[in-house]
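Q: Sequential numbering of the sequence shown, starting at -17, is according to the numbering used here. Positions of the beta carbon are idealized from the N, C-alpha and C atoms, including for glycine.
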Amino acid sequence: MSTIYLHIGMPKTGTSALQMFMGKNRETLKRSGFCFPSFTVRFPEVGPNRNAHFLKYVQDDEKPAEYLKCMEELKACLEEHDRIILSEEAMWGRGRHEGWWECIGNSLTSTGADVKIIVYLRRQEEFMESFWNQKIKGFQKWTCTFDEFLEQELYNVIPLDYEAALAELESNFGRDNIIVRPYDFPQFIGGNICADFLNAIGLSLTDEYVMDETPVNTSLPADAVEIKRMINQNSSYMKTRGINFYNEVIRDAYPTVMPGETKESFLTEEQLNRIRSMFQTGNDHVARLYLGRSDGMLFTEKKKSAVWRSDDQRLLAEAVRILSGADLLLYNEINTLKEENKKLRADNRKLFKELNDVKQYSFFYRLHRKLNFLKNRSSIFAFFLCTALLSALLGGCAGRSGSSETKASASSITNVSYDPTRELYENYNELFKEHYKEETGIDVQIVQSHGGSGAQARSVVEGADADVVTLALAHDITLIENTGLIEPDWLEEFDRDSSPYTSTIVFLVRAGNEKAISDWDDLVKEDVEIIHPDPKSSGGACWNFLAAWHYADQAFRGDETQIRDFLKLLYANVTVMDSGARGSTTTFVENGQGDVLIAWENEALQTLSEYPGKYELISPSVSILAQPSVAIVDDNADKNGSQELAKEYLSYLYSQEAQTLIAEMGYRPSDETVLSSHADKFDVSMDLCTIDDFGGWNEAFDTYFTDGGVFDEIIDSL
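In structure tokens form, the structure reads like this:
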């Protein structure tokens, strides 16, 4: 008969060390007749040596795939091995749930194996201190003192009435199948927990086994845990690098407290006596019933540790020392990352130039451009001559992949757009479908794609089958035009420079506006954290940058040195730079990061609508008229047979119905009548510059956003 040895902790009893030991010694254990399986299923933030973690799903009515896969692999192990070891420290705590152990027993015995439970028990008072220490060390939100921890009985998530917990186990597995070991260093057989565990399953620690002396999951000494508790109270520290960084800094500043070593205790003598009296009777019964000890001794007598005393002056000095060391580490790391970033940017610029050189001088690229040029000039003879030449050069092979095929239906189009327009086009598409159905009797299918505007433009250049593009700025469409996919006169194809709606750049802050943000100069204060997308991938971020530049240009009367210094201060305060405007909104709103979001006006208005009372929209004194552009991707539309539908799709954006919808969705409609009827929604008093103030998009992009341009220079200087 096969046997499963299920090691269930309890927590803070060296379980991680045991799991690491068994993981390192899988082959040695196999030679001794035991299998410590490593299942193929991996759980986030759970190491492979916690191989019983899948049993957390045992009470689910519908078992997930992870559970079923692990059970399948467990049964396969039992076909090869008579004795299996499973280990998971969280099980002991889950024993509080009604029916938990019954479900565990049913699940494991369904494999046809016997089940034996191995549990280590620790002095309750030691567990409480260690558990609190672990929470302070590992969780940012744990800020309670040890006294508060005891008063609020926060330790009750773990069963500490060992007699009652073991009785529940016994009712499901039988007393003979429960192996109880004290987590008590003087009682370890063989002098350490690894030897003791092997003894519990009938083995001995020999030279065959690899022992790792590296301490696992050690506690912080008393001063250190108190300093970490103080750091937890200041969430801004955690935003810098997180919990693990400060744990490492603190560990480096203090000697490691090894398991079993005597250290200062937070327990007063009164607290210690009260805790021991709570559990003494139950512990005596456990020692008699499960260890056969007539004297009722579950744990050996232990010398009382010295009680830790708070000393504010000492702790303050220690905190300054530790945080100064942390700041120095961060400073050095930032300098290293800056150098690496400069090198990567230089390499990127070099590769980009090489790629452009190859593309510009490629015969087929130039031939494709020439073909489009001739088509635009309506030179039929030249068109067919060039087509014949291309056909001959390619030996009769097809041209661009899929060019001979069209979409299954000319009533289907794909709109590649930038990320904040998701909701706008979800609603517009339904409006257009109704309109087109009424006009033609044809049902339309519209495929929608969203992302950072610059990234979306590059995706079309690289082959995305867009019939139309509705992007954040004209330059992104010009990028596609330069490949020949869009006709050169696209800007004149629709009204108002093919901009059916506009927007501007505003600030979004949390309710109460704690940092008193009112204009651009407030964003360069030292304590302000800004969320802002990356101009290298986001069109909205380019508008943001130019709006800020225009403000500084006015404030410093054209002094470019002062303008650049202002932008450096602003971008030094940017804590998260997402690839797109919607990603930045998510970071600010859903993830709760930053003090202010530099955002499209429509994004800010949508957030106010979705989260009433939680945010405020701040209109700066100076901003920019942001003009998103639309165009037909002529080559794709011709290939797909959707040219007529694509033109109607973009033309209808200028209709009264669509313009009203545009205003309702937070964009400024190009129709002045519709705009005036929604004047209460938009701050029309803002001083708005335009892209013409920067010489148009081609000049602005080359100056500010091309690789090595002003934006890169500012970021590289930080």
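Taking contact to mean 3 or more Cβ pairs, one atom from each stretch, closer than 8 Å, check whether the segment 473 to 492 and the segment 589 to 603 are in contact.
A: The segment 473 to 492 vs the segment 589 to 603: in contact.
Q: Go through its chain and collect everything with a Cβ distance to Asp535's Cβ below 7 Å, but skip five positions before and after it.
A: Answer for Asp535: Ile545, listed in chain order.
Q: In or out: Thr452 buried (at least 16 other Cβ within 10 Å) or exposed?
A: Thr452 should be labelled buried.
Q: If we count Cβ pairs, one from each stretch, closer than 8 Å, do we get three or more for the segment 582 to 595 versus the segment 401 to 412?
A: Because the criterion of three Cβ pairs below 8 Å is met, the segment 582 to 595 and the segment 401 to 412 touch.
Q: Please list the segments of the alpha helix (DSSP H) lying wholly inside the segment 462 to 500, counting only runs of 4 or more residues, in order along the chain.
A: List check, alpha helix (DSSP H) in window: 477 to 480.
Q: Could you check how far apart the C-beta atoms of Ile468 and Asp616 are, in whole angstroms? I think they sit under 8 Å.
A: Rounded, the Cβ-Cβ distance is 6 Å, consistent with contact.
Q: Please go through the same chain and pick out, in chain order, the residues whose beta-carbon is closer than 7 Å to the beta-carbon of Phe527, but skip the five residues on each side of it.
A: Within the same chain, Phe527 has close Cβ partners Pro517, Tyr686, Phe693.
Q: Could you check the C-alpha separation between Gly384 and Asn618 for me, to the nearest Å?
A: In this prediction, Gly384 has a pLDDT of 38, which is less than 50 and means its spatial position is unreliable; nothing more can be read from the coordinates.
Q: On the three-state DSSP scale, how would you describe Arg65?
A: Strand at Arg65.
Q: Check Arg211 in the structure and name its three-state DSSP category.
A: In this structure, Arg211 counts as helix in the three-state DSSP scheme.
Q: Taking only the alpha-carbon atoms, compute the straight-line gap between Leu148 and Pro30 and give it to the nearest angstrom.
A: Approximately 27 Å, taken between the alpha carbons.
Q: Answer with buried or exposed for Gly466, where buried requires no fewer than 16 other C-beta atoms within 10 angstroms of its C-beta.
A: It is buried - the Cβ of Gly466 has at least 16 other Cβ atoms within 10 Å.
Q: Within the segment 601 to 647, note down every full beta strand (DSSP E) run reaching 3 residues or more, in order along the chain.
A: Whole beta strand (DSSP E) segments, 3+ residues: 604 to 606, 611 to 614.
Q: Considering only residues of the same chain and omitting the five flanking positions on each side of Gly81, which have a CB-CB separation below 8 Å?
A: Cβ within range, chain order: Gln41.
Q: Measure the alpha-carbon distance for Pro591 versus Ala661 and round it to whole angstroms.
A: As written in the sequence, residue 591 is Ser, which differs from the Pro given in the question. Spanning the two alpha carbons is a distance of roughly 17 Å.
Q: Kindly confirm or deny that the segment 269 to 289 and the segment 244 to 251 touch, where touching means at least three C-beta pairs closer than 8 Å.
A: Verdict: yes, contact present.
Q: Thinking C-beta only, is Pro610 closer than 8 Å to Ser481?
A: Cβ atoms of Ser481 and Pro610: closer than 8 Å.
Q: Skipping 5 residues on each side, what residues in its chain have a beta carbon closer than 7 Å to that of Glu145?
A: Answer for Glu145: Gly264, His267, Val268, listed in chain order.
Q: Out of curiosity, what's the CA-to-CA distance linking Phe21 and Arg32?
A: About 10 Å.
Q: So, with DSSP's three-state summary, where would you put Ser360?
A: At Ser360, the pLDDT of 43 sits below 50, so the modelled position is not reliable; the number obtained from the coordinates is stated separately. Three-state DSSP puts Ser360 in coil, outside helix and strand.
Q: Rounded C-beta distance between Lys(-4) and Tyr165? I'm assuming under 8 Å.
A: Residue identity differs from the one stated: residue -4 is Gly in this sequence, not Lys. So it is a contact: roughly 7 Å between Cβ atoms.
Q: Do the segment 48 to 63 and the segment 86 to 95 meet, that is, are 3 or more Cβ pairs less than 8 Å apart?
A: The segment 48 to 63 is in contact with the segment 86 to 95.
Q: Output the distance between the C-alpha atoms of Gln625 and Asp449, rounded to the nearest integer angstrom.
A: C-alpha separation (whole angstroms): 8 Å.
Q: Assuming Phe3 contacts Cys176 (C-beta within less than 8 Å), just tell me the rounded distance between them.
A: With a Cβ gap of about 5 Å, Phe3 and Cys176 count as contacting.
Q: Taking the straight line between their C-alpha atoms, what separation do you get for Leu367 and Pro470?
A: At Leu367, the pLDDT of 45 sits below 50, so the modelled position is not reliable; the number obtained from the coordinates is stated separately. Answer to the nearest angstrom: the Cα atoms are 22 Å apart.
Q: So, are the CB atoms of Lys119 and Leu202 less than 8 Å apart?
A: The answer is yes: Cβ separation under 8 Å.
Q: Would you decide whether Asn680 is buried or exposed? Buried here means 16 or more other CB atoms lie within 10 Å of its CB.
A: When all chains shown are included, Asn680 counts as exposed.
Q: In the DSSP output, what is Val40 paired with across the bridge?
A: None, per the DSSP bridge assignment.
Q: Is Asn397 helix, strand or coil when you go by DSSP?
A: Strand, per DSSP.
Q: Express the C-alpha separation of His35 and Glu48 in angstroms, rounding to a whole number.
A: Their Cα atoms are separated by approximately 10 Å.
Q: Just curious, the alpha helix (DSSP H) that Val578 is in, first and last residue?
A: No alpha helix (DSSP H) holds Val578; the beta strand (DSSP E) holding it covers 578 to 582.
Q: Helix, strand or coil, according to DSSP, for Phe16 in the structure here?
A: In this structure, Phe16 counts as strand in the three-state DSSP scheme.
Q: What is the DSSP secondary structure of Ser(-16), reduced to helix, strand or coil?
A: Correct three-state label for Ser(-16): coil.
Q: Unbroken alpha helix (DSSP H) runs of length 4 or more, entirely within the segment 495 to 565: which are they?
A: The segment 495 to 565 contains these whole alpha helix (DSSP H) runs: 521 to 537, 542 to 554.
Q: Per DSSP, which one or two residues make a beta bridge with Ile306?
A: This sequence places Ser at residue 306; Ile is not what is there. Answer is none; Ser306 lacks a bridge partner.
Q: Pairs of beta-carbons, one from the segment 502 to 512 and one from the segment 649 to 665, closer than 8 Å: are there three or more?
A: The segment 502 to 512 is not in contact with the segment 649 to 665.
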